[in-house]
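Heads up: the sequence shown is residues 6 to 277, going by this note's numbering. Here the structure is laid out as structure tokens; the discussion comes afterwards.
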Amino acid sequence: MNCDPANPKENGIVNVWQETLPIRFGAIDQSDRLTLNAVFQFFQEAAISHAENLLVGREDMARTKQGWILSRMTVQINSRPKYREVVSVSSWPRGFEKLFAIRDYQIKDKDDIAVVSASSAWLIVDLERRRPLRPQAVMDTLPSNEGLEALPHGTLAVPEAGAIAGLAERNNLQKVTEKKALYTDIDYNGHVNNVRYIQWIEDAVDPLLLEKAEKMRFDINYLNEIRSCEVIEIFSAPIPVEDSGANHFFAFEGRKTDSGQAAFRAELRLWD
């Protein structure tokens, strides 16, 4: 079923949200292919629309002073659709693990082949106290989609924060750039939008490596929200490629300059 993002509730509850759309000019780089940050943008919009369809969207949750916060995400890009290719973007909830509500995603090409697959972990937070809540009360009302996993069985779909932290610490991260959170970085929730982190990380990588990459895997842990005017130092280091089989492998960490607190940690693997 093809869903309408302009009217998410119009046709009743759907277990899996799906939209069909072309790859537009703003979603490509100089290689004429879909960028990593555009993938996150597609998935963000699909997740928001589906939450509204399932009656757990922004306004629904606000009535009980609750909200969704993206905590972790893994994206596997097996091939990159080109400009004007028509793709289907889908997203669905998949139960919960401890404090995390799990949501999966896919982008399929015109032949119904999954070219991008992803899994994410979300926290349900008390909007006043900014503290996580147990997700059962909300998740028990949603379709569980048991067995419908976007990533292959056994894939580390939601990496533990400590795994990325340990990798970063072992590889002598060096400062590569810094960013100040300005007007265009801040979303409705009053903090830097999750897609902007991806753009910042992409800007810290040699653009030629990104442009020629045929495949990518990206893992990120969002550790602490970044507010308007905060300055973030971004550190990075290459990791020996034999750890992943990729042609290029990098670790990243974003730290707040005023406190040194880690705001995010991420890994990027590229295959030519």
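Just so it is clear, CB atoms sit at the ideal spot from N, CA and C, and this is done for glycine as well.
Task: Within 8 Å, strictly: CB atoms of Val94 and Ala123 - done: Contact annotation: Val94 and Ala123 have beta-carbon atoms that are not nearer than 8 Å.
Open item on the list: Rounding to the nearest angstrom, what Cα-Cα distance links Lys261 and Gly17 in this structure?
Closed with: Looking at the backbone, the Cα of Lys261 and that of Gly17 are separated by about 43 Å.
Open item on the list: Assuming Ala209 and Ile244 are in contact, meaning their beta carbons sit under 8 Å apart, how far apart are those beta carbons, in whole angstroms?
Closed with: The Cβ separation is near 14 Å, so there is no contact.
- [ ] Report the three-state DSSP secondary structure of Thr79 (helix, strand or coil).
- [x] Thr79: strand per DSSP, three-state reduction.
- [ ] Check whether the Cβ of Leu26 lies closer than 7 Å to any heavy atom of the ligand ADP, and answer yes or no.
- [x] The ligand ADP is absent from the structure shown, which contains no ligand whatsoever.
Task: Per DSSP, cross-strand counterpart(s) of Val92 - done: The partner list for Val92 (beta bridge, DSSP) reads Leu26.
- [ ] Could you tell me which of Ser76, Gly259, His253, Glu247 sits nearest to Ala186, measuring between CA atoms?
- [x] When each option's Cα is compared against that of Ala186, the closest is Gly259.
Open item on the list: If you follow the alpha helix (DSSP H) that Ala142 is in, where does it begin and where does it stop?
Closed with: Going by DSSP, Ala142 is part of the alpha helix (DSSP H) stretching over 141-144.
TODO: Can you give me the start and stop residues for the beta strand (DSSP E) that Lys217 sits inside?
DONE: The continuous stretches of beta strand (DSSP E) do not include Lys217, which lies in the alpha helix (DSSP H) extending over residues 212-217.
Task: Terminal residues of the beta strand (DSSP E) in which Leu128 lies - done: Element bounds for Leu128: 119-131.
Open item on the list: Taking 8 Å as the cut-off, does the stretch 40-48 touch the stretch 196-210 (at least 3 CB pairs, one atom from each stretch)?
Closed with: Contact between the stretch 196-210 and the stretch 40-48 is present, because at least three Cβ pairs lie under 8 Å.
Task: Close-in-space but distant-in-sequence residues of the same chain around Gly167 (CB under 6 Å, 5 per side omitted) - done: Because Gly167 carries a pLDDT of 47, less than 50, the predicted location of this residue cannot be relied on, and no value is offered for it.
TODO: Over the uninterrupted beta strand (DSSP E) stretch that includes Glu238, give me the two end residues.
DONE: That run of the beta strand (DSSP E) goes 236-243.
Open item on the list: Do Pro86 and Asp114 have their beta-carbon atoms positioned less than 8 Å apart in this structure?
Closed with: Yes. Within cutoff.
Open item on the list: Closer than 8 Å is the cut-off here; do at least three beta carbon pairs connect the stretch 215-234 with the stretch 59-68?
Closed with: Under the Cβ criterion (8 Å, minimum of three pairs), the stretch 215-234 does not count as touching the stretch 59-68.
Task: Inter-residue CB distance, Asp131 and Gln71 (contact presumed, cutoff 8 Å) - done: Their Cβ separation, rounded to whole angstroms, is 7 Å, which keeps Asp131 and Gln71 in contact under 8 Å.
Open item on the list: Out of Phe105, Ala56, Leu60, Gly62, which one is the CA nearest neighbour of Trp4?
Closed with: There is no way to answer for residue 4, as the model of the chain reaches only from 6 to 277.
TODO: Please state whether DSSP places Glu15 in a helix, a strand or coil.
DONE: Here Glu15 sits in coil by DSSP.
TODO: With a 10 Å radius around its C-beta and 16 neighbouring C-beta atoms as the bar for buried, classify Gln91 as buried or exposed.
DONE: As written in the sequence, residue 91 is Val, which differs from the Gln given in the question. Val91 is exposed by the Cβ-count criterion.
Open item on the list: For the beta strand (DSSP E) containing Leu181, name the first residue and the last one.
Closed with: Sequence inspection shows Val at residue 181; the Leu mentioned does not correspond to that position. Element bounds for Val181: 179-185.
Task: For Ile107, the nearest candidate out of Val143, Glu133, Arg136, Arg135 (CA to CA) - done: In terms of Cα proximity to Ile107, the closest of Val143, Glu133, Arg136, Arg135 is Val143.
- [ ] Would you identify the three-state DSSP class for Tyr193, choosing helix, strand or coil?
- [x] Coil.
Task: Proximity winner among Ala242, Asp263, Phe30, relative to Asn177 (alpha-carbon distances) - done: The option with the nearest alpha carbon to Asn177 is Ala242.
- [ ] In angstroms with no decimal places, state the Cα-to-Cα distance between Trp127 and Phe257.
- [x] Going by the C-alpha atoms only, they are around 21 Å apart.
Open item on the list: Could you tell me the alpha carbon to alpha carbon distance between Glu24 and Cys8, rounded to whole angstroms?
Closed with: Roughly 5 Å between the two C-alpha positions.
Open item on the list: Let me check one thing: in DSSP terms, what residues is Pro86 bridge-paired to?
Closed with: Its beta-bridge partners do not exist; DSSP assigns none.
Open item on the list: Please classify Phe255 as buried or exposed, where buried requires at least 16 other C-beta atoms within 10 Å of its C-beta.
Closed with: Buried is the call here.
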